[in-house]
Amino acid sequence: MIRVKIPATSANLGPGFDCLGMALQLYNTITVETDRPFQITLTGSYHDGIPADESNLVWQTMCNFWDLIHFPNPSAALTLENNIPPSRGLGSSSAAIVGGLVAANALAGSPYSKLELLQVANAIEGHPDNVTPALYGGVTLSIPTEKGILPRVLSQSTTLKTVVIIPDTHLNTQKARGILPPKVSRKDAVFNISHAGLLIEAFIREEYSLLKEGMRDVLHQNQRAILIPGLLQTLEAALQAGAYGSALSGSGPTLIALIPDGSQQNISQSMITTMAQYGINVEALRLEIDPYGAVSSLIV
Ligand code: HSE
189 MIRVKIPATS ANLGPGFDCL GMALQLYNTI TVETDRPFQI TLTGSYHDGI PADESNLVWQ
249 TMCNFWDLIH FPNPSAALTL ENNIPPSRGL GSSSAAIVGG LVAANALAGS PYSKLELLQV
309 ANAIEGHPDN VTPALYGGVT LSIPTEKGIL PRVLSQSTTL KTVVIIPDTH LNTQKARGIL
369 PPKVSRKDAV FNISHAGLLI EAFIREEYSL LKEGMRDVLH QNQRAILIPG LLQTLEAALQ
429 AGAYGSALSG SGPTLIALIP DGSQQNISQS MITTMAQYGI NVEALRLEID PYGAVSSLIV
């Protein structure tokens, strides 16, 4: 029996559209028992909309990986503990893909390295900013090269804390990408390149006073505000309440604030109150950064 624990992830972190991401200490767990009749049991906080048949994304990913490496698909019973809220911008589909790949690879005798698994995960997900931190942990940068995605772990420090504000509404990534203009101006490109550079410096030096400026973005957050009422006002409220920086988490609707230790109460209350002014109910979680990424263990 094999068990894989995969972290939630927050992608973009402001200016790092499709390339920066962070793993968070909120986990889905996949347990696979082979040589058992096929069955999927769903446990944990989220079941709605997650299929428990052969169309399940974890199982699909496992079967596709075994086909890719010409490994005979074993029959298996899966238990999926889902604690990452789906379609909220916290990397639930990346967790399913990364978890499925790590489990299937381990059951096949680990023929693929982590870097090779990343390439497969990126090909399935379409953009690497969630799958890289889900696999490697910490704060990561994903660089597209001719040889595939080059992953860099910028920080595994857990000194920085976060608050995530999760609205009780879903937002499909495809829809949130569909509203973005296909072209960006040179001015906006320069804005985001320079701010992403500053953000990377903030993480590497652990100089968190740089995050306020470093997390500013002009490529996607303003544009997505039309889909998430109160988005920009709530990001500003987090800064006013003392957050180092704030951003839309992935394509939303979740918001993330990077905060000093001990400031959670004020910041999350201020964000909750602001979202409520726009008629949005939210759940607030204080999450630490996960430094490890997906971890598998053999259970005998
Ligand atoms: N970077 C993606 C987006 C979401 O903002 O559309 C996560 O992959």
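If you want my numbering, it's the position in the sequence shown, counting the first as 1, plus 188. Even for Gly, the Cβ is constructed at its ideal location relative to N, Cα and C.
- Taking C-alpha positions only, residue 294 is separated from residue 233 by approximately 26 angstroms.
- A Cβ-Cβ contact shorter than 7 angstroms links residue 268 with residue 218.
- Note that the C-beta distance between residue 204 and residue 364 is not below 7 angstroms.
- Per DSSP, the beta-bridge partners of residue 227 are 265.
- DSSP lists 354 as the beta-bridge partner residues of residue 471.
- The Cβ atoms of residue 318 and residue 209 sit closer than 7 angstroms to each other.
- Separation of residue 211 and residue 370 (C-alpha to C-alpha, rounded to the nearest whole angstrom) is 28 angstroms.
- In its chain, beyond the 5 residues on either side, 197, 209, 210, 211 and 328 have a beta carbon closer than 6 angstroms to the beta carbon of residue 321.
- Taking every protein chain shown into account, the CB of residue 394 has fewer than 16 other CB atoms within 10 angstroms, so this residue is exposed.
- What you get when you keep residues with a C-beta closer than 6 angstroms to any heavy atom of ligand 1 is 199, 200, 205, 206, 315, 317, 318, 361, 364, 365, 408, 438 and 439.
- Residue pairing of residue 279 in beta bridges, as defined by DSSP: absent, with no partner found.
- In terms of CA proximity to residue 441, 353 leads the group 421, 353 and 347.
- For the options 392, 189, 200 and 276, the alpha carbon positioned closest to that of residue 470 is the one of 276.
- Pairing residue 195 with residue 481, the inter-Cα distance amounts to about 6 angstroms.
- In this structure, the beta-carbon distance from residue 445 to residue 426 falls below 7 angstroms.
- Closest by C-alpha distance to residue 258, out of 305, 299 and 487, is 299.
- Residue 193: member of the beta strand (DSSP E) spanning 190-199, first to last residue.
- DSSP places residue 347 in the coil class of the three-state scheme, outside both helix and strand.
- Residue state for residue 482 is assigned as coil, using DSSP reduced to three classes.
- With contacts defined as CB atoms closer than 7 angstroms, residue 323 and residue 303 fail to qualify as a contacting pair.
- In this structure, DSSP gives residue 476 an extended state, which the three-state scheme calls strand.
- The continuous beta strand (DSSP E) containing residue 215 extends over residues 208-222.
- Note: residue 433 is bridge-paired with 446 in the DSSP secondary-structure output.
- In the displayed model, residue 454 falls within a helix according to three-state DSSP.
- Considering only 401, 216, 418 and 372, the residue with the shortest C-alpha distance to residue 270 is 216.
- In the structure shown, residue 488 falls within a coil segment according to DSSP collapsed to helix, strand and coil.
- Annotation for residue 382: no beta strand (DSSP E) segment contains it, though the alpha helix (DSSP H) segment containing it runs 374-393.
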